[in-house]
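Read the structure below first, then the notes.
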Amino acid sequence: MYKIITKRKLAENVILIKIYAPEIAKKAQTGQFVIVIIDETGERIPLTLADWNPSEGIITLVFQEVGVSTKKLGCLGSNEELYDVLGPLGNPSDIRHYGTSIVVGGGVGTACCLPVAKSLKKAGNKVVSIIGARNKEYLILENEMRSICDEVYISTDDGSKGVKGFVSDILKTLIEEGHPIDIVYAIGPVLMMRAIANLTQGYGIKTVVSLNPIMVDGMGMCGACRVSIGGEVKFACVDGPEFDAHQVDFDELIKRQRMFLDEEKLALEHWQKHRSKRV
Ligand SMILES: Cc1cc2nc3c(=O)[nH]c(=O)nc-3n(C[C@H](O)[C@H](O)[C@H](O)COP(=O)(O)OP(=O)(O)OC[C@H]3O[C@@H](n4cnc5c(N)ncnc54)[C@H](O)[C@@H]3O)c2cc1C
Ligand code: FES
76 MYKIITKRKL AENVILIKIY APEIAKKAQT GQFVIVIIDE TGERIPLTLA
126 DWNPSEGIIT LVFQEVGVST KKLGCLGSNE ELYDVLGPLG NPSDIRHYGT
176 SIVVGGGVGT ACCLPVAKSL KKAGNKVVSI IGARNKEYLI LENEMRSICD
226 EVYISTDDGS KGVKGFVSDI LKTLIEEGHP IDIVYAIGPV LMMRAIANLT
276 QGYGIKTVVS LNPIMVDGMG MCGACRVSIG GEVKFACVDG PEFDAHQVDF
326 DELIKRQRMF LDEEKLALEH WQKHRSKRV
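So the sequence shown is numbered by my numbering: it starts at 76 and just counts up by one.
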């Protein structure tokens, strides 16, 4: 069992939890994720390691409540336990001294960008981050990003904070203004990552995305996380989750992510109806 040490609400439906998981904290590397199983009958949900502290044996996860499992997770409080946490899984990020790195985080993806920004900075890069959300209430981890990055730009869809528009609009402006950019890391909703990939491809800027297809085992055996990269089949859990953005078949990824929408909707309705008996 894995105890939740602290829980903090970062925004509406976005929660940060710290879990006591010493073996994972010891081995964790930037870009990796864990699979969380909430209770004995729970499904397996992948969540990116947002932070870890090997000396305290603690890992940090940030998740958005979107369906049954993440809502169930959001119902748990400090001192409650998770049935299982498996990991660290996936390949670590390919962190090098690139020069100037731009880290782009959309929504809860900003939490996944945090360790990337930290590691890029540690490797001697100038790190510029662009973080975005639909409005200022949904913007997360701004202070944490500011404490790591050389520059932080903000966008909100409604203009309630920073630039009105999308993170890709800010990136386009930086490119057009002639800022030197050696690599872009983009983590967030698939539509955002696709927009960033389309933009940077035109300028020949190396771009890495962290893909979030549906995963089950997280170990390369079930095939659920199949993605097409440069025309080849890859499994995001063992070959990724990070890939060259310009090689990703985003249309296929979007289709596969929506495969179980009807079942997910039904499961959520069922859970909401019976939740008082279960929580
Ligand atoms: C490597 C990886 C890292 C991720 N990291 C984070 C993170 O740090 N924070 C965060 O909020 N989310 C993260 N996600 C997405 C998260 O796993 C899903 O939001 C979660 O599994 C949804 O489960 P649910 O039962 O709450 O919602 P559902 O109602 O079951 O699904 C809602 C949507 O989430 C996606 N989804 C559903 N089941 C899975 C699954 N088993 N694996 C992946 N996606 C699924 C589908 O697109 C689906 O339409 C990550 C996904 C991957 C693959
Ligand atoms: S999740 Fe099963 S192969 Fe990747």
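Even for Gly, the Cβ is constructed at its ideal location relative to N, Cα and C. These numbers were taken from a predicted model, which means no experiment stands behind them.
Straight-line spacing of the CA atoms in GLY306 and PHE325 works out to 12 Å.
TYR260 has its alpha-carbon roughly 28 Å from the corresponding atom of SER130. Contact between PRO190 and ALA125 is confirmed by a C-beta separation of about 7 Å, below the 8 Å threshold.
For GLU212, the closest alpha carbon among the candidates ASN200, LYS93, GLY234 and ARG171 is that of GLY234. Assigned with DSSP and collapsed to three states, ALA192 falls in helix.
Shortest gap from the CB of ASN287 to any heavy atom of ligand 1: under 7 Å.
LEU122 has VAL109 as its beta-bridge partners, per DSSP.
Counting along the chain, SER243 sits inside the alpha helix (DSSP H) bounded by residues 242-251. Comparing C-alpha distances from ILE256 to each of ILE223, SER204, MET267 and PHE318 shows the shortest one belongs to SER204. Distance from the CA of ALA320 to the CA of ASP292, rounded to the nearest whole angstrom, comes to 24 Å. In this structure, DSSP gives ALA208 an extended state, which the three-state scheme calls strand. Taking every residue with its beta carbon within less than 7 Å of a heavy atom belonging to ligand 2 gives, in chain order, MET290, VAL291, ASP292, GLY293, MET294, GLY295, MET296, CYS297, GLY298, ALA299, CYS300, PHE310, ALA311, CYS312 and VAL313. Annotated three-state conformation of LYS236 is coil, per DSSP.
A residue is called buried when at least 16 other Cβ atoms come within 10 angstroms of its Cβ; ALA103 meets this threshold and is buried. Comparing alpha-carbon positions, the option among LYS247, MET334 and ILE271 lying closest to PRO288 turns out to be MET334.
Per DSSP, the continuous beta strand (DSSP E) segment holding TYR260 begins and ends at 258-262. Residues TYR77, ILE94, ALA96, ILE99, VAL109, ILE110, VAL111, ILE112 and ILE134 of the same chain have their beta carbon placed closer than 8 Å to that of VAL160, with the five preceding and five following residues left out of the count.
Secondary structure at GLU338: helix, using DSSP grouped into helix, strand and coil. Inclusion of ALA186 in the 7 Å shell around ligand 1 follows from its C-beta lying nearer than that to a non-hydrogen atom of the ligand. For ligand 1, a non-hydrogen atom lies closer than 7 Å to the CB of PRO121.
For LYS146, the distance from the CB to the nearest heavy atom of ligand 1 is below 7 Å. The alpha-carbon of ALA186 is positioned some 18 Å away from that of LYS146.
ASN287 carries a coil assignment under DSSP once its states are collapsed to helix, strand and coil. Under the 10 Å beta carbon count, ARG350 is surrounded by fewer than 16 other beta carbons and is classified as exposed. When the five nearest sequence neighbours on each side are left out, the beta carbons in the same chain lying within less than 6 Å of the beta carbon of SER194 are those of THR105 and ILE170, in order along the chain. Here GLU140 really is in contact with ASN88; their C-beta atoms are around 4 Å apart, less than 8 Å. Looking at the DSSP output, TYR228 bridges to ILE205. Taking the CA atoms as reference points, VAL284 sits about 23 Å from GLY253. VAL202 is positioned such that its CB atom lies closer than 8 Å to that of ALA192.
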